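Chains as they are written, first to last, in this note's numbering: chain A, 1 to 147; chain B, 1001 to 1147; chain C, 2001 to 2084; chain D, 3001 to 3084. Where is the CB? At the ideal position from N, CA and C, for every residue including glycine. Everything numeric in this text was worked out from a predicted model, so none of it was measured. Here the structure comes first, spelled out in structure tokens, and everything after it is commentary.
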Amino acid sequence: MAVETDADMLVRVQEGNFSIDQELERVRARSTKIGGIAMFLGTARDHSKGHDVSSMAFEHYEGMAQKKLKEIRERALQDFDIIEALVLHRYGPIEIGENIVLIIVGAQHRADAFKACQWCIDELKKITPIWKMEYTPQGDVWVEEHP
Amino acid sequence: MAVETDADMLVRVQEGNFSIDQELERVRARSTKIGGIAMFLGTARDHSKGHDVSSMAFEHYEGMAQKKLKEIRERALQDFDIIEALVLHRYGPIEIGENIVLIIVGAQHRADAFKACQWCIDELKKITPIWKMEYTPQGDVWVEEHP
Amino acid sequence: MFQVRLFGMLKTLVAGSNMLEMPLADGALVKDLVDSLKVEYPELGKLLEQKKVVVSVNQEIAHWETALVESDEIALLPPFAGGA
Amino acid sequence: MFQVRLFGMLKTLVAGSNMLEMPLADGALVKDLVDSLKVEYPELGKLLEQKKVVVSVNQEIAHWETALVESDEIALLPPFAGGA
Chain A
1 MAVETDADML VRVQEGNFSI DQELERVRAR STKIGGIAMF LGTARDHSKG
51 HDVSSMAFEH YEGMAQKKLK EIRERALQDF DIIEALVLHR YGPIEIGENI
101 VLIIVGAQHR ADAFKACQWC IDELKKITPI WKMEYTPQGD VWVEEHP
Chain B
1001 MAVETDADML VRVQEGNFSI DQELERVRAR STKIGGIAMF LGTARDHSKG
1051 HDVSSMAFEH YEGMAQKKLK EIRERALQDF DIIEALVLHR YGPIEIGENI
1101 VLIIVGAQHR ADAFKACQWC IDELKKITPI WKMEYTPQGD VWVEEHP
Chain C
2001 MFQVRLFGML KTLVAGSNML EMPLADGALV KDLVDSLKVE YPELGKLLEQ
2051 KKVVVSVNQE IAHWETALVE SDEIALLPPF AGGA
Chain D
3001 MFQVRLFGML KTLVAGSNML EMPLADGALV KDLVDSLKVE YPELGKLLEQ
3051 KKVVVSVNQE IAHWETALVE SDEIALLPPF AGGA
């Protein structure tokens, strides 16, 4: 599979869906030393904090969101013993069951890959200017995950 | 994507490669309550404990290997707050960079998915009768990961 | 006039607008902006006061002592909720 | 004759064969099998003694006190190395 592997493709905020196989190719193409790849895929649940959700939409701060995801990738590469990391987040309307966010971390060993992958998604939630609107039977709600 | 989702497809030892997107479909199709999916993909490294590796091959104990992977999936479903788990391992010759093992765990929340995914791969290495032959410039070696 | 971008639920506090304008002098601090907002948009002011909403300047989270110029890209950011 | 399956590096200890046969009586214990193996295949016996190789009976790891019958599926398992 021929895919672009430049750093810009490894950090993206995009409206459309993504293929995990294709994104994986970008990471594994970086080195034949990769032996363990940890991934996190966030998907749209039909339920949230006790209420039903019919669909959702994400809004991002164009520019700053990309900048923060880039920071996350760079800090992960610096602070963990890993070889490559990819961080993607979608924006716009998203149906139940669809992909929202993807983190892929390739390392020589699995423990490092897992640690870095968990750190990336935790950090993404903390520092990335992205907001979620949930459409529920009771109305539309902006979600405050970290009040 | 139409894929089989019966339990047999969620635990497999197979010779051929697999598509992560297709395997993911089996897990996410189980419930719209899934919000976090943690995955581990093990790939063939060209380097191992200080020596080069040109390719490898896995041998498994047919029957017992499947039985142990099934046990791992069932214990994961029982012991962790997760919704579905998939465990695949390849056997036969595998080239550098190729897929070897895949774990996918779907949960409502990401922390549970990560914990169970890590447990599955750790447990797989401990209890599954699978052996690795490494082909190296110095000759062929049976690898003893847990001597 | 300083332009201030609004995101997420903050837009609902300002009649659905994603931007507001505040009259400030170059060199004003973020806390001066917050003080002005408290007067014009009490609900917004309260969220800023409680640090539930943070101010970013040129795409970085700003301190209340950060000095502003009119060409700065200023935004008010409610709690983030990305990542699923 | 009891048939004993061999996996991984164990085959290299028995001239590349993936199976060996041992004369044992029904009701013999796993430790009796190990004792016989120590005589016939000293290298294999040593690995069993050191617990580097375990015995499985009907696809479950067996204790040394497990009793065997000829129809059991018996195997010798060297250290596992699956999972990448």
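Spatial distance of residue i from residue j (CA atoms)
i	j	result
C:ALA2084	A:VAL27	22 angstroms
B:GLY1050	A:LYS115	24 angstroms
A:MET1	A:GLU25	Caution is warranted here: a pLDDT of 48 is assigned to A:MET1, below 50, making its placement in the model unreliable, and no coordinate value can be reported.
B:PHE1058	A:ILE94	41 angstroms
B:ILE1130	D:VAL3055	15 angstroms
A:LEU41	A:ASP8	20 angstroms
B:ALA1113	D:VAL3004	40 angstroms
B:PHE1018	A:HIS60	34 angstroms
A:TYR91	B:LYS1033	20 angstroms
C:ASP2032	A:ASN99	41 angstroms
D:LYS3051	A:ALA44	49 angstroms
Closer than 9 angstroms at the beta carbon, the chain B residues around residue i
i	result
D:LEU3068	Near D:LEU3068 there are no residues of chain B at all, since even the closest Cβ is about 17 angstroms away, more than 9 angstroms.
D:LEU3077	TYR1061, MET1064, PRO1129, TRP1131
Residue i versus the options, residue with shortest Cα-Cα distance
i	options	result
B:ILE1121	B:GLU1084, B:GLY1016, B:ALA1076	B:ALA1076
A:PRO137	A:GLU59, A:SER48, A:PHE18, A:ILE34	A:SER48
B:GLY1016	B:GLN1118, B:ASP1140, B:VAL1101	B:VAL1101
C:ASN2058	C:ALA2067, C:LYS2051, C:LYS2052	C:ALA2067
A:ASP81	A:ILE130, A:LEU88, A:GLY35, A:VAL87	A:GLY35
A:ARG110	B:LYS1125, B:SER1031, B:HIS1109, B:MET1009	B:LYS1125
A:LEU10	A:ASP52, A:ILE72, A:ARG45, A:GLY92	A:ILE72
A:ARG30	A:GLU123, A:SER54, A:GLU84	A:GLU84
B:LYS1070	B:HIS1089, B:GLN1118, B:SER1054	B:HIS1089
D:ALA3028	D:ARG3005, D:ASP3072, D:GLY3082	D:ASP3072
D:PHE3002	D:GLY3082, D:VAL3069, D:THR3012	D:VAL3069
C:PHE2007	A:ALA65, A:ARG45, A:ARG12, A:ASP46	A:ALA65
A:GLN14	A:GLN108, A:TYR135, A:VAL87	A:VAL87
Neighbour list for residue i in chain C, Cβ cutoff strictly below 8 angstroms
i	result
A:HIS89	GLY2082, GLY2083
Buried or exposed by the 16-neighbour rule on C-beta atoms within 10 Å, applied to residue i
i	result
C:GLY2016	exposed
A:PRO147	Any reading at A:PRO147 needs caution, since the residue's pLDDT is 41, under 50, leaving its predicted position unreliable; the model's value is listed next. Exposed, since its Cβ has fewer than 16 Cβ neighbours within 10 Å.
C:LEU2024	buried
D:HIS3063	exposed
B:GLU1062	exposed
A:GLU23	buried
C:GLU2060	exposed
A:VAL143	buried
Contact belief for residue i with residue j at Cβ below 8 angstroms, rounded distance in angstroms
i	j	result
B:ILE1020	B:GLY1106	That pair is no contact at about 13 angstroms.
B:MET1133	B:MET1056	6 angstroms
D:VAL3053	D:LEU3047	4 angstroms
D:LEU3037	D:MET3022	7 angstroms
C:LEU2010	C:PRO2078	5 angstroms
Closer than 8 angstroms at the beta carbon, the chain D residues around residue i
i	result
B:THR1043	ALA3084
Neighbouring residues, chain B, relative to residue i (Cβ below 7 angstroms)
i	result
D:ALA3028	What D:ALA3028 touches in chain B: nothing, since even the nearest Cβ is about 22 angstroms away.
D:MET3009	TRP1142
Neighbour list for residue i in chain B, Cβ cutoff strictly below 8 angstroms
i	result
A:GLY35	GLY1042, THR1043, ALA1044, ARG1045
D:SER3036	Within chain B, no residue comes near D:SER3036; the closest Cβ sits about 22 angstroms away, beyond 8 angstroms.
Contact set between residue i and chain D, taken where Cβ atoms lie within less than 9 angstroms
i	result
B:GLU1095	Per Cβ cutoff of 9 angstroms: no residues; B:GLU1095 is ~14 angstroms from chain D at best.
Residue i: CB within 7 angstroms of a non-hydrogen atom of the ligand GTP
i	result
D:LYS3031	What this structure holds is no ligand at all, so the ligand GTP is not there to describe.
Per-residue contacts from residue i into chain C (C-beta, under 7 angstroms)
i	result
A:LEU124	GLY2082, GLY2083
Chain-ordered chain A contacts of residue i [CB-CB under 8 angstroms]
i	result
C:GLN2003	Within 8 angstroms Cβ-Cβ: nothing; C:GLN2003 doesn't reach chain A, min ~14 angstroms.
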